[in-house]
Amino acid sequence: MKAIFCIISILIFLKFFWIYSNDPKTKISEEPGTVKIRINKKVLPVAEIFIQKQINNEVPNFKIPEIHEKKCRWYGCVRFNSNVWDVIEYHPPQINHTYSTLGFAITTNGGMIRFKSHYVLKYYIPKFTGWITIKAEGINFKTILSLYMVKEKYQIRLTSCDVSINDLKMRNSGGSISDIINHYLPSVARDIQRTISGRACSELQNNINKVNNILLNSSTIDIGKGYKLNYELIEQPVYSRDYVEFVMKLKFLYEEKRTIITTNLGFSYTSKKCSVDVFNNFLDIAHHNLMAIITKDNPEIASNLRTSCEFFSACIGDLFPKLGKLYPNNTVDILIHTKSKPNITFANDGIKLDIDLFADIFINPWKNNTKSLARLSIKPSIITINAIISKSKLFIDVKQDISFEIDEVFSEIGSISWLVSFIFKLVLKSAVQNFIRGYAEQGFEIPNWQNLSIAEPSKILTSNDTIFFDTDLTNL
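All residue numbers for the sequence shown refer to this note's numbering, where the first residue is 767 and numbers rise by one.
As structure tokens, then:
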């Protein structure tokens, strides 16, 4: 049986550990790649709204199991059996969350729930049947949940749990001899009271045990595009009446088995304070695994990639005449990838990206013709990026012009002339500016989670190799 008001709270409790932080004064660990997250009291109103919605969806499916009673008197033994009790009416209680030095406290008060069940009363051979309804008012649920560390993984501890009902009333809806059935109502009421209070907590513990087994056996989080995160706790969480704070270590994984990089993160409520090493470590993954491919699959540039040019049309064969002689009537693929690991620094005026690129030219398809015919070294100027959060979107802005230095690394199709270099600079500059303009105008959509969205105003600040996300959530 599912606990009435608890299980969803566990899941939300875990979710908010991953989402929030809000203390600009939180100190960053001296260990490279550290982020510390502190969840403070500002998260509680948002959590209460969300949990209330989940409870309203969950309670109508709540059932009390069958009840079997046997009473013996001087006139003999009577057996009472009820079917599963179904919810027929529900008014939600008020939910409150607080922090304590023991963990995350959840309490409820008020509310009403009404159950109905079919019963059979047997006295020797005769049977009497009917319906009984239960009305429980003033549902008081008190529990404290906490996270702790076992084998570097999260575990949930049910520190305390208590459920009581202020007023419980039962009514026989007919079909049986009222004096006989009324004789059983107090006993059935006690069973219902014990079921709601005792079984709710035991069932909550059972569900916690299942979650704990999952947490022990699964340590990866899928972040898309073949990338995953593997986490390990390196400290026990710290609890106080004002916040919860914890530290973990993350491993970035790619293609499930290969570990690309390892970084230490600490998590401190609505703000995250991240060391620059975290971003540089992720760029190291991109350096090993990502590249841009320019092929004839793009109809807008397909003709420009031909080795033999048509009349009155420009193509790469004009820039490399030898290419057209060696590989007539073909097209080329251009692969752009990083020369070395990109580097990010945070400064007062924004995020600075320093990147070196290679552009390799292959005969299409490049996967079947793995020999590079020419390689260009591309060095953009240092790019200063400003990030802005607005209307649940992340916008980027690059204010300065971007210039490029292009050099030949090797070439089997003729030397890289100043004209080739000039044209590549124009094409790259136009492509980069169009890319930046698109995201400056359209932005990256920040996905909503369970009707929770980024609230206004939200800020992204940078200074001294640290980026600070000052964000709140709002319920849509």
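Where is the CB? At the ideal position from N, CA and C, for every residue including glycine.
Exercise. Per DSSP, what kind of secondary structure is aspartate 1167 in: helix, strand or coil?
Worked result: Correct three-state label for aspartate 1167: coil.
For this session: Could you tell me which residues DSSP pairs with aspartate 1243 in its beta bridges?
Result: Residue numbering for the chain in the displayed model covers 767 to 1242; residue 1243 lies beyond these limits and cannot be assessed.
Exercise. Is proline 1087 helix, strand or coil by DSSP?
Worked result: Proline 1087 falls in the helix class under three-state DSSP.
Problem set entry | Reference phenylalanine 1161, options Gln971, Lys917, Glu1011, Lys1225, closest by Cα | Nearest option by C-alpha distance: Lys1225.
Problem set entry | DSSP bridge partner residues for glutamate 1076 (one or two, in chain order) | Looking at the DSSP assignment, glutamate 1076 forms no beta bridge with any residue, so it has no partner.
Problem set entry | Three-state secondary structure assigned by DSSP to leucine 1139 | If DSSP states are grouped into helix, strand and coil, leucine 1139 belongs with coil.
For this session: Give the C-beta separation of tyrosine 914 and glutamine 971 to the nearest angstrom, bearing in mind that I take them to be a contact with Cβ-Cβ under 8 angstroms.
Result: By a beta-carbon distance limit of 8 angstroms, tyrosine 914 does not contact glutamine 971. Their separation comes to about 15 angstroms.
Problem set entry | Local Cβ density within 10 Å of phenylalanine 1033, reported as buried at 16 or more and exposed below that | Low confidence applies here, because phenylalanine 1033 scores a pLDDT of 31, under 50, leaving its location unreliable and the question unanswered by this model.
Problem set entry | CB contact flag (alanine 1080, asparagine 1070, <8 angstroms) | Going by C-beta atoms, alanine 1080 is nearer than 8 angstroms to asparagine 1070.
Exercise. Do the stretch 1146 to 1162 and the stretch 1093 to 1109 make contact, defined as three or more Cβ pairs closer than 8 angstroms?
Worked result: Put simply, the stretch 1146 to 1162 does not touch the stretch 1093 to 1109. Fewer than three CB pairs are less than 8 angstroms apart.
Exercise. Start and end of the beta strand (DSSP E) containing glutamine 971?
Worked result: From DSSP, glutamine 971 is part of no beta strand (DSSP E) but of the alpha helix (DSSP H) over 966 to 983.
Exercise. Does the stretch 960 to 970 come close enough to the stretch 1005 to 1013 to have 3 or more Cβ pairs within less than 8 angstroms?
Worked result: The stretch 960 to 970 vs the stretch 1005 to 1013: no contact.
For this session: Identify which residue in Gly1083, Ser968, Ile861 has its Cα closest to the Cα of phenylalanine 1128.
Result: Closest by alpha carbon: Gly1083.
For this session: Identify whether threonine 961 lies in helix, strand or coil by the three-state DSSP scheme.
Result: Threonine 961: helix per DSSP, three-state reduction.
Problem set entry | C-beta contact flag for leucine 1123 and isoleucine 1144 at 8 angstroms | Yes, the Cβ-Cβ distance between leucine 1123 and isoleucine 1144 is below 8 angstroms.
Exercise. Helix or strand or just coil, what does DSSP make of lysine 1195?
Worked result: Of the three classes helix, strand and coil, the one that applies to lysine 1195 here is helix, per DSSP.
Exercise. Quick one: what's tryptophan 851 bridged to in DSSP?
Worked result: DSSP lists Ile830 as partners of tryptophan 851.
For this session: Put serine 1156 into one of helix, strand or coil per three-state DSSP.
Result: Of the three classes helix, strand and coil, the one that applies to serine 1156 here is strand, per DSSP.
Exercise. Is the beta carbon of isoleucine 905 sitting closer than 8 angstroms to the one on glycine 869?
Worked result: Contact: no.
For this session: With DSSP as the reference, label tryptophan 1132 as helix, strand or coil.
Result: Three-state DSSP puts tryptophan 1132 in coil, outside helix and strand.
Problem set entry | Where leucine 1031 falls: helix, strand or coil (DSSP) | Reliability of the predicted coordinates at leucine 1031 is poor, the pLDDT of 32 falling under 50, and no value is obtained from them.
For this session: Determine the direct distance from the alpha carbon of phenylalanine 1112 to that of lysine 1137, and round the result to whole angstroms.
Result: Straight-line Cα distance between these residues: approximately 38 angstroms.
Exercise. Looking only at its own chain, which residues have a Cβ that is under 6 angstroms from the Cβ of glycine 1180, when we skip the five neighbours before and after it?
Worked result: Excluding residues within five positions, the ones whose Cβ falls inside 6 angstroms are Phe1086, Lys1088.
Problem set entry | Beta-carbon spacing of lysine 1062, asparagine 1135 below 8 angstroms | In this structure, lysine 1062 keeps its C-beta atom at 8 angstroms or more from the C-beta atom of asparagine 1135.
Problem set entry | For lysine 1189, the three-state DSSP class (helix, strand or coil) | For clarity, residue 1189 is isoleucine in the given sequence; the question names lysine instead. Look at isoleucine 1189 here: in three-state DSSP terms it is helix.
Exercise. From this set, Ile1172, Thr925, Ala955, Phe1188, which residue's C-alpha is nearest arginine 1141's C-alpha?
Worked result: Minimum Cα distance to arginine 1141 is reached at Ile1172.
Problem set entry | Identity of the residues DSSP links to arginine 880 by a beta bridge | As DSSP reads the structure, arginine 880 sits in a beta bridge with Glu855, Lys901.
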